[in-house]
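*Asks:*
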Amino acid sequence: MNKCPETPKTYAFLLLPGFSPLGFSCALDCLSLANHHPSGCKFYDWRLISEDGEPVTSYNGVRVEVNAALPNLDRNETLIVCAGENAGRSSTKPVVNWLRRETRKGMDYGALSSGTYTLALAGLIGGKRVTTHWEYKTALAEMLPDVIMEDTLYSVDGRVFTSAGGAASMDLMLHRVREDYGQDIATWVADQMVYTVPRAHSQGQRMSLQSRPEVRNTKLLMAMQIMEDNLEDPLRPDGIADVVKLSTRQLERLFARYLGTSPKRYYLHLRLEKARNLLRQTDLSVTDVCVACGFQSLSHFSKSYRVAFGHPPGMEASDGKTLWAEKTK
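For what it's worth, the working numbering labels the leading residue of the sequence shown as 10, then goes sequentially.
Next up, the structure:
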């Protein structure tokens, strides 16, 4: 880059209660560090926004002061929704209506972590390729069948961009710095963050099963992957054993040795975790979740859920249910 920009690019960060401070800090630091480039250029401005103009508390209790309460934005600003826990509850009617109004101006907009869920409630990502934190992926896929959910660190589809949050926010924002001002500036920022190898957007969010140190047996890894890929229509343990070319007894020994559990219990745990995420994050009924997680009996599902989590599935609050129902009327 040969000269400084005439006007810095401006970002507006909407902070929702329970947001992830790691994801927000990683994103903001990319912009802040760019302004410390040896060229002396001011590349970015930003402002922080909350619903009411009051400080916002993150999920770990850190309170952040903001500059404004749902202001009118300029179409040249870039809007980012920062969320975390309880995204549904934090996505109030005023917030959703403000997002709809402001994004009609034609600006770039996106989300970190479960902020993608907020954009979904506002109806702003239909038909788009998006990503979110892996815990929210299943819920969004159930809510929005026309959205292309990607299991990636970040996604960019036209003027919409989304990130898994956490450290992935850094990868997204380095990508945006590179698009804005070139590779040299982005590399300098990455070096300042001691982030020597920024990750490609296509990299998966979670450590692969093969990389987990507690699991070193190829047959066991194959069995675990088969279970993860077949939660809605679970296979019998003997069927899984056949696929990985082991006897049922041999498969049970592997699970006991490496994971301290049985294939049946491990599989049940995966299905119940999926059920809990769906109940918390979607408007699906308990019966629908029961079917989506491969349970043949509602009573069996309820009993298993109570044993696993200490309360029946009906007690799980999906914070976005009421708003989502109103949106789709």
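Here a beta-carbon is modelled for each residue, glycine too, at the ideal position from N, C-alpha and C.
1. Tell me whether G174 is buried or exposed, calling it buried when 16 or more other Cβ atoms sit within 10 Å of its Cβ.
2. Hey, which unbroken runs of the beta strand (DSSP E) at 3 residues or more fall wholly within the stretch 24–86?
3. If contacts are defined as beta-carbon pairs under 8 Å, then A131 and L82 qualify, I think. What distance do you get, rounded to the angstrom?
4. Could you say which of T270, H45 and S99 lies nearest to D61 if we only look at CA atoms?
5. Can you tell me whether K273 is buried or exposed, with buried defined as 16 or more other CB within 10 angstroms of its CB?
6. Does the Cβ of G49 have 16 or more other Cβ atoms within 10 Å, making it buried, or fewer, making it exposed?
7. Judging by CA-CA distance, which residue of W55, M158, R113 and M233 is the nearest neighbour of R280?
8. Would you kindly check if the distance between the Cβ of T171 and the Cβ of A120 is under 8 Å?
9. Does the distance from the C-beta atom of A301 to that of E151 stay below 8 Å?
10. Once the 5 residues before and after N44 are set aside, which same chain residues still bring their CB inside 7 Å of it?
11. Bridge partners of P158, per DSSP?
12. In angstroms, rounded to a whole number, what distance separates the CA positions of L181 and K312?
13. Determine the extent of the beta strand (DSSP E) in which A120 is found, giving its start and end residues.
14. Considering only residues of the same chain and omitting the five flanking positions on each side of F318, which have a CB-CB separation below 7 Å?
15. So, is R110 buried or exposed, given that buried needs 16 or more other C-beta atoms within 10 angstroms?
16. According to DSSP, which residues form a beta bridge with T19?
17. What residue does the beta strand (DSSP E) around S172 start on, and which one ends it?
18. Quick one: what's got a C-beta closer than 6 Å to M216's C-beta in the same chain, skipping five residues either side?
19. So what does DSSP say about D292, is it helix, strand or coil?
20. So N226 packs on Y163, CB below 8 Å; how close in whole Å?
21. Any idea what DSSP makes of L88, helix, strand or coil?
22. On the premise that L240 lies in contact with G303, defined as a C-beta separation below 8 Å, what is that separation, rounded to the nearest angstrom?
23. I need the DSSP call for Y204, collapsed to helix, strand or coil.
24. Could you check where the alpha helix (DSSP H) with D247 kicks off and where it finishes?
25. Between which residues of its own chain and E86 is the CB-CB distance below 8 Å, once the five residues before and five after are set aside?
26. If you draw a straight line from the C-alpha of V73 to the C-alpha of E282, how long is it?
27. Measure the beta-carbon distance from S67 to G27 and round it to whole angstroms, keeping in mind my assumption that it falls under 8 Å.
28. Kindly indicate which residue of P17, W107 and L293 has the alpha-carbon position closest to the one of A78.
29. Are Y276 and M236 touching if we call contact CB-CB under 8 Å?
30. What does S164 pair with, by DSSP beta-bridge criteria?
31. Helix, strand or coil: how does DSSP classify G132 here?
*Replies:* According to the structure shown:
1. buried
2. 53–59
3. A Cβ-Cβ separation of about 15 Å leaves A131 out of contact with L82 under the 8 Å criterion.
4. Closest by alpha carbon: S99.
5. exposed
6. exposed
7. M233
8. yes
9. The answer is yes: Cβ separation under 8 Å.
10. Sequence-distant partners of N44 (beyond 5 residues in either direction) whose C-beta falls short of 7 Å from its own C-beta, in its chain, are K51, F52 and Y53.
11. Note on residue identity: the sequence assigns Met, not Pro, to residue 158. Paired residue(s): V139.
12. 42 Å
13. Y118 to L121
14. R285
15. exposed
16. DSSP lists D54 as partners of T19.
17. V169 to S172
18. In this prediction, M216 has a pLDDT of 46, which is less than 50 and means its spatial position is unreliable; what the coordinates show is noted afterwards. Here the set comprises nothing.
19. coil
20. Not quite, the Cβ-Cβ distance comes to about 33 Å (not below 8 Å), so this is no contact.
21. strand
22. 6 Å
23. coil
24. P246 to V252
25. Excluding residues within five positions, the ones whose Cβ falls inside 8 Å are T19, Y20, A21 and M116.
26. 32 Å
27. Indeed, because the Cβ distance is near 7 Å, the residues count as touching under 8 Å.
28. W107
29. Contact: yes.
30. The beta-bridge partner set that DSSP reports for S164 consists of T171.
31. coil
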